[in-house]
Structure formats: structure tokens, C-alpha cells
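Asker:
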Amino acid sequence: MSASATLAAKLPRAKGFSLPRALFLVRRAAFPLAILAVWQAAASFGFTSPQTMPAPSLIVSSFWNLIVTGQLWPNLLTSLTRVIVGLTAGVTVGTALGLAAGLSRLGEDMIDPSVQMARTLPHLALIPLMILWFGIGETPKLVIIALGASFPIYLNLYSAIRGADRKLLEAGAVLGLSRAETIWNVVLPAALPGFLVGLRQALGIAWISLVVAEQINADSGIGYLVMNARDFLQTDVIFDGLLVYAALGLLTDRLVRSLEIHLLAWRPALLDRVGVLG
Amino acid sequence: MNMLTEAPPHSPNSLSSAGLAVEVRGLTRQYGPNSVLRGLDLVIRPGEFVALLGRSGSGKSTLLRTLAGLDPAPPGTLVAPAALGVVFQEPRLLPWKRVWKNVVLGLRLPDARPRAEAALREVGLSHRLNAWPLTLSGGEAQRAALARALVREPALLLLDEPFAALDALTRLRMQDLVLDLWRAHLPAVLLVTHDVDEALTLADRVLMLEDGKIALELPVSMPRPRRHESAVFGELRRELLSALGVVV
Numbered sequence: 064m065s066a067s068a069t070l071a072a073k074l075p076r077a078k079g080f081s082l083p084r085a086l087f088l089v090r091r092a093a094f095p096l097a098i099l100a101v102w103q104a105a106a107s108f109g110f111t112s113p114q115t116m117p118a119p120s121l122i123v124s125s126f127w128n129l130i131v132t133g134q135l136w137p138n139l140l141t142s143l144t145r146v147i148v149g150l151t152a153g154v155t156v157g158t159a160l161g162l163a164a165g166l167s168r169l170g171e172d173m174i175d176p177s178v179q180m181a182r183t184l185p186h187l188a189l190i191p192l193m194i195l196w197f198g199i200g201e202t203p204k205l206v207i208i209a210l211g212a213s214f215p216i217y218l219n220l221y222s223a224i225r226g227a228d229r230k231l232l233e234a235g236a237v238l239g240l241s242r243a244e245t246i247w248n249v250v251l252p253a254a255l256p257g258f259l260v261g262l263r264q265a266l267g268i269a270w271i272s273l274v275v276a277e278q279i280n281a282d283s284g285i286g287y288l289v290m291n292a293r294d295f296l297q298t299d300v301i302f303d304g305l306l307v308y309a310a311l312g313l314l315t316d317r318l319v320r321s322l323e324i325h326l327l328a329w330r331p332a333l334l335d336r337v338g339v340l341g
Numbered sequence: 065m066n067m068l069t070e071a072p073p074h075s076p077n078s079l080s081s082a083g084l085a086v087e088v089r090g091l092t093r094q095y096g097p098n099s100v101l102r103g104l105d106l107v108i109r110p111g112e113f114v115a116l117l118g119r120s121g122s123g124k125s126t127l128l129r130t131l132a133g134l135d136p137a138p139p140g141t142l143v144a145p146a147a148l149g150v151v152f153q154e155p156r157l158l159p160w161k162r163v164w165k166n167v168v169l170g171l172r173l174p175d176a177r178p179r180a181e182a183a184l185r186e187v188g189l190s191h192r193l194n195a196w197p198l199t200l201s202g203g204e205a206q207r208a209a210l211a212r213a214l215v216r217e218p219a220l221l222l223l224d225e226p227f228a229a230l231d232a233l234t235r236l237r238m239q240d241l242v243l244d245l246w247r248a249h250l251p252a253v254l255l256v257t258h259d260v261d262e263a264l265t266l267a268d269r270v271l272m273l274e275d276g277k278i279a280l281e282l283p284v285s286m287p288r289p290r291r292h293e294s295a296v297f298g299e300l301r302r303e304l305l306s307a308l309g310v311v312v
């Protein structure tokens with residue numbers, strides 16, 4: 064709709080060349096590039112050993128090797144599937160509980176104290192229990208990811224619903240909105256920014272949970288690749304795994320950001336920020 | 065100050081809203097130990113423009129909120145039309161709905177869009193139909209709020225210091241706009257304000273609230289448009305200001 068049209072007009076297209084933009088990119092890239100250069104030099108002149116700190120060039124070539132030997136894709140797919148399934152379950156449960164506690168007193172009384180108590184327990188500490196309960200297959204990994212992701216969703220959604228602007232609620236009441244209309248038109252849109260913050264936090268926690276869960280008894284996935292590489296002292300492959308985790312984290316964060324830009328197009332602050340960074 | 069009080073148009077013993085837009089009898093509202101309104105009586109005729117002055121904390125907003133149905137009124141003390149529009153000090157537009165959708169929010173009619181267009185044209189905002197509310201200026205947002213109140217053709221329009229947050233120039237334009245809209249639609253209007261000049265410029269009758277009651281009632285019969293420099297205007301302003309405790 065015209066929402067995206069307005070936004071598109073504000074976004075400077077990245078494809079066209081402009082000098083300020085090029086300088087901006089150079090400024091930002093200078094520091095990481097310098098570190099890479101020093102690292103490469105140190106490795107090439109033999110100051111570091113390939114077993115502890117392999118050269119960037121070696122990491123790149125072993126990454127390429129992972130791709131051509133077909134080891135990367137199936138394991139990447141496995142890890143990605145775990146995160147997607149676990150996250151979906153966690154977001155669903157967190158949203159359901161957040162809505163119930165946010166929209167009704169009864170739900171609040173029944174749900175909120177327990178969740179607030181449970182959230183103080185680091186969910187990764189439950190892994191030994193999960194293994195006892197669910198064995199060492201996929202289930203405990205998915206449960207850990209889902210559990211970790213559900214808390215930020217619940218907490219942010221619940222407080223965002225409760226924090227809906229009383230003045231807007233009054234305006235709705237004066238306009239004769241029914242309870243359902245008020246929830247749909249006022250409360251839920253008001254809670255959406257908070258929910259998206261929760262989604263971003265949930266994503267971060269889901270990746271952390273994945274990394275930890277995959278280091279225990281995994282026979283596939285990026286974590287399995289890394290653990291395997293450790294056993295064979297293939298430090299370069301460990302770095303490859305880290306690169307993949309970083310790229311996935313970045314990618315999914317980008318996805319939520321574009322979701323934010325699309326869903327929260329009404330916020331001038333967002334329009335401005337996009338304009339400045341674009 | 066009571067010598068200025070006009071005899072009410074009629075004094076029924078019980079509520080009989082025949083021919084009246086608003087009728088309040090003996091309204092008392094309490095918050096904790098403090099009573100904000102004490103046996104307040106108020107009558108507004110259809111199409112009448114009434115301004116309500118009072119110091120802060122005098123119960124102005126409580127009265128307006130009660131009339132708007134946001135605060136409950138004890139049974140038998142209040143008759144107000146169901147069709148009412150309210151404009152608050154802040155525009156209170158939903159930021160996630162485009163301006164025209166805000167205007168017709170809660171309107172259960174099939175031809176919402178043309179109605180929104182007509183209402184926004186009337187307040188001079190036809191060019192901002194599809195804008196996001198947070199991109200409007202203060203004056204524009206308040207005009208959208210006016211359009212939202214008037215699109216329902218209210219029998220009673222409640223204005224709660226609607227221009228207080230605007231700059232002086234915009235405030236004057238908005239006062240003209242409100243007068244035009246009032247003449248076109250002729251709702252009964254209750255304007256809550258702390259601005260004596262604004263009350264005298266707009267209203268048929270100025271009321272002053274003090275200690276939870278109407279302490280002063282001042283008919284304003286000057287023809288519109290009213291000039292602040294005129295002698296009558298100055299006389300009325302002095303009366304109101306001294307009633308408010310300002311030495312002039």
C-alpha cells in the first residue's frame with residue numbers, strides 16, 4: 064500500500080553511487096579491515112599457530128571446502144530448522160500467555176506471578192533435566208529454544224498491553240468502541256512495538272540456546288560441525304562455525320528490522336532513522 | 065458576584081430533559097475525602113454555545129468527563145444526548161491509523177470514506193486524508209480531532225481546553241474554525257477553558273465553576289465576530305477576571 068511507498072521515497076537507494084555514502088562505508092570498514100590485515104600478516108609470518116589462530120585465508124578456504132564437500136548445507140539446514148521450530152513454538156506460547164495475562168485480570172492473576180518467578184531461572188540450567196526427561200534427540204533442543212524464546216515475548220507483550228495509553232483508550236470509549244473493537248484498534252496496535260522488541264530478544268536467545276543445545280550430544284547441525292572440529296583440532300572449521308552463527312544472527316535480526324519498518328510505518332521516529340542510516 | 069446570576073430558563077424539581085441538550089441536577093462527585101462537584105446544576109439548550117471557566121482544580125474537567133460518560137454519574141442527576149463528540153486538550157488520534165480512518169473510527173456506516181473526506185474538507189484537511197497522525201502539526205491534529213467529533217453529527221460537542229496546547233496564532237484560527245463549524249452543525253457546545261478572552265469570543269453564555277458549583281453565569285449578547293477592543297468586551301472581561309480573583 065502507500066505505507067511502503069512513503070517509506071521507499073524516504074529510503075535513499077543503496078545502488079546509486081554517491082561520494083558521501085562511499086566515504087561513510089570506507090570509514091566504517093577501515094577498522095575491521097585493519098584487524099584482518101594484521102591477523103593475516105601475523106599468521107603468514109608464523110607468529111601464530113594454525114591450531115590456535117589460523118589465518119583468515121585458511122578460514123576462507125576451509126569454508127569453501129565445507130561448501131563443496133556438501134558438509135555445510137545439511138548441517139545449516141538442521142540448525143535453521145531447529146531455530147525456526149523452537150522459535151515458532153516459543154513465540155506462540157509466549158504470545159498466548161501474554162495476551163491472556165495482558166487482556167484479563169483473571170489471566171493476569173493466574174499466569175503472571177508464575178511466569179515472573181520462572182523467568183528468574185536461567186533456562187539453560189534446565190538442560191540436564193531436559194535430557195533426563197526427553198532423552199538426547201531433537202526434543203530437548205527444541206524445548207530449550209522454545210522455552211528461552213517464550214519469556215521475552217511474554218514479558219514485552221504483557222507490559223506493552225498493560226502500558227497502552229489511557230488517553231487513547233478514553234478516546235476510544237468516547238467514540239463508542241466495543242471491548243473487542245478497542246482491543247483490535249487500540250490495545251493490540253499499541254502493544255505491537257513492544258512485541259517486536261520481544262521478538263528481537265527472543266531471536267537472540269533462540270540462537271544462544273541453539274549453540275548451547277547443539278554442543279550436547281548433537282549428531283548434526285552447525286554445533287556438531289564445531290564440536291567435531293574441536294576433536295580433530297581443525298581450528299579453522301571452528302571459526303567457520305562461528306562465522307555461520309554470526310551470519311545467521313545478523314540475517315534474522317535484519318528480518319525483524321524489516322518487519323518493524325513494515326509494521327510500524329506510522330512512527331515518524333522510524334522514518335527518520337531509516338532516512339539517516341540509508 | 066451572585067447578582068450576575070441569571071435565573072435559570074426553568075427550574076423543574078426533577079429531570080425533564082424536554083427541549084434541552086444537557087440537564088444536570090444536583091451532581092456531586094467525590095474523589096476520596098474531597099468532593100469535586102457539590103450539587104451542581106447545569107442546563108444547556110440545543111444549539112447553545114456555553115463556555116466553562118474555572119481555576120485549575122475547580123472540577124471543570126470532572127464535569128466534562130462526567131458528561132462524556134468517562135466518569136459515572138449518580139442516577140437521576142444527568143441527562144445528556146447519546147450522540148456526543150469530544151475534543152480533548154491533546155488530539156488523541158490513534159497514531160497507527162491514517163487520518164481519515166481515525167475520523168470514522170467507531171462509525172458503523174458503509175459510506176465511511178466519503179464521510180471522512182467531507183468532514184476533513186470542512187476543517188481544511190483534505191490534503192492530509194492519508195497522512196499518519198504523528199506527521200501532523202499540532203493545529204492540524206486538533207482539526208482532525210474536530211472532524212472526528214463532528215462526523216457523528218453530535219447533539220452535544222464537548223471541548224476540553226482544545227486549544228490550550230497550540231500557539232497563539234493557531235489558536236485564533238481554530239477559534240474561528242470552531243465558530244464556523246458550530247454555525248454549520250449547531251450542536252450544543254460546552255467549551256472548558258481557562259482563557260477568559262476565548263470564552264468571551266466564542267460563547268453565548270459563560271459559566272464559572274467554583275467550589276464544585278456554578279458560581280457565576282454571564283450571558284454574552286455581543287454580535288459575532290467579536291472584537292477584543294470593544295468596550296463591552298472589556299467590561300465583561302473585567303468582571304470575569306475579578307470573579308476569578310485576578311486584580312485588574
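Residue numbers (my numbering), protein chains in the order written: chain B, 64 to 341; chain G, 65 to 312. No residue lacks a Cβ here, since even glycine has one placed at the ideal position from N, Cα and C.
1) Tell me whether Ser306 (chain G) is buried or exposed, calling it buried when 16 or more other Cβ atoms sit within 10 Å of its Cβ.
2) Can you give me the C-alpha to C-alpha distance between Arg185 (chain G) and Arg102 (chain G), rounded to a whole angstrom?
3) Assign Asp240 (chain G) to one of three DSSP states: helix, strand, or coil.
4) For Trp375 (chain B), would you say it is in contact with chain G, using Cβ-to-Cβ distances shorter than 8 Å as the test?
5) Under a Cβ-count criterion, where at least 16 other Cβ atoms within 10 Å of its own Cβ denotes burial, should His191 (chain G) be classed as buried or exposed?
6) Return the CA-CA distance between Asp228 (chain B) and Leu327 (chain B), expressed in angstroms with no decimal places.
7) Which residue's Cα is closest to the Cα of Ala269 (chain B): B:Leu86, B:Val148, B:Pro117, B:Pro119?
8) What does the alpha-carbon distance come out to for the pair Ala281 (chain B) and Leu140 (chain B)?
9) For Thr132 (chain B), which three-state DSSP category applies?
10) Excluding sequence positions up to five away, which residues of its chain have a Cβ less than 6 Å from the Cβ of Pro185 (chain B)?
11) Hey, out of G:Phe152, G:Ala182, G:Val150, whose CA is closest to Trp164 (chain G)'s CA?
12) Which stretch, first to last residue, makes up the alpha helix (DSSP H) that contains Gln28 (chain G)?
13) Starting from the beta carbon of Leu134 (chain G), find every residue of chain B whose beta carbon is closer than 9 Å, and list them in chain order.
14) Which same chain residues end up closer than 7 Å to Asn166 (chain G) when comparing Cβ atoms and leaving out the 5 residues on each side of it in sequence?
15) What first and last residue would you give for the beta strand (DSSP E) that runs through Arg269 (chain G)?
16) Looking at C-alpha atoms only, which residue of B:Gly198, B:Ala234, B:Phe87 is the closest neighbour of Leu148 (chain G)?
17) Using a Cβ-Cβ cut-off of 6 Å (strictly less than) and excluding sequence neighbours within five positions of Met65 (chain G), which residues of its own chain qualify?
18) Mind checking if Leu198 (chain G) is an interface residue toward chain B, Cβ cutoff 8 Å exclusive?
19) For a test of the three-state rule: what should DSSP assign to Gly202 (chain G), helix, strand or coil?
20) Can you find the residues in the same chain that come closer than 8 Å, C-beta to C-beta, to Gln103 (chain B), ignoring five residues on each side of it along the sequence?
21) Look at the alpha carbon of Leu221 (chain G) and the alpha carbon of Phe227 (chain G), and state the distance between them as a whole number of angstroms.
22) Spatial neighbours of Phe126 (chain B) within its chain, please: CB distance less than 6 Å, with the 5 preceding and 5 following residues excluded, ordered by chain position.
23) Using the three-state DSSP reduction, which class does Gly188 (chain G) fall into: helix, strand or coil?
24) Assuming Leu296 (chain B) and Gln114 (chain B) make a contact with CB atoms under 8 Å, what is their CB distance in whole Å?
25) Determine the chain G residues that contact Glu244 (chain B) at a beta-carbon separation under 9 Å, and present them in chain order.
26) Compare the C-beta of Val150 (chain G) against all C-beta atoms of chain B and say whether one is closer than 8 Å.
27) For Asn248 (chain B), return the contacting residues in chain G, with the cut-off set at a CB-CB distance below 7 Å.
28) Output needed for Ala105 (chain B): all residues of its chain with C-beta closer than 7 Å, excluding positions within five of it in sequence on either side, in chain order.
29) Mind listing the chain B neighbours of Leu154 (chain G)? Cutoff is C-beta to C-beta under 7 Å, in chain order.
30) DSSP three-state call for Pro138 (chain G): helix, strand or coil?
31) Just checking: is the beta-carbon of Leu240 (chain B) within a distance shorter than 8 Å of some beta-carbon in chain G?
Answerer: Quick answer:
1) exposed
2) It is roughly 42 Å from the alpha-carbon of Arg185 (chain G) to the alpha-carbon of Arg102 (chain G).
3) Three-state DSSP puts Asp240 (chain G) in a helix.
4) As displayed, chain B neither begins before 64 nor continues past 341, which places residue 375 (chain B) out of reach and without an answer.
5) Answer is exposed; the Cβ neighbour count stays below 16.
6) 17 Å
7) The residue with the shortest Cα to Cα distance from Ala269 (chain B) is B:Val148.
8) 14 Å
9) Residue state for Thr132 (chain B) is assigned as coil, using DSSP reduced to three classes.
10) none
11) G:Ala182
12) The structure shown has nothing for residue 28 (chain G), since chain G only spans 65 to 312.
13) Glu233, Ala236, Val237
14) Leu157, Leu158, Pro197, Ala208, Arg212
15) 269-274
16) Proximity to Leu148 (chain G) across B:Gly198, B:Ala234, B:Phe87 peaks at B:Ala234, based on C-alpha coordinates.
17) For Met65 (chain G), the predicted structure reports a pLDDT of 34, less than 50, and the residue's modelled location is therefore unreliable. The matter cannot be settled from this model.
18) yes
19) In the structure shown, Gly202 (chain G) adopts helical secondary structure according to DSSP, grouped into three states.
20) Ala118, Pro119, Ser120
21) 15 Å
22) Apart from sequence neighbours up to five positions away, the residues of its chain that approach Phe126 (chain B) with a beta-carbon distance below 6 Å are Asp303, ordered along the chain.
23) In the structure shown, Gly188 (chain G) sits in coil (DSSP, three-state: anything other than H, G, I, E or B).
24) 6 Å
25) Leu169, Gly170
26) yes
27) Leu158, Leu169
28) Thr111
29) Looking at the sequence provided, one finds Glu at residue 154 (chain G) rather than Leu. Correct list: Lys230.
30) coil
31) yes
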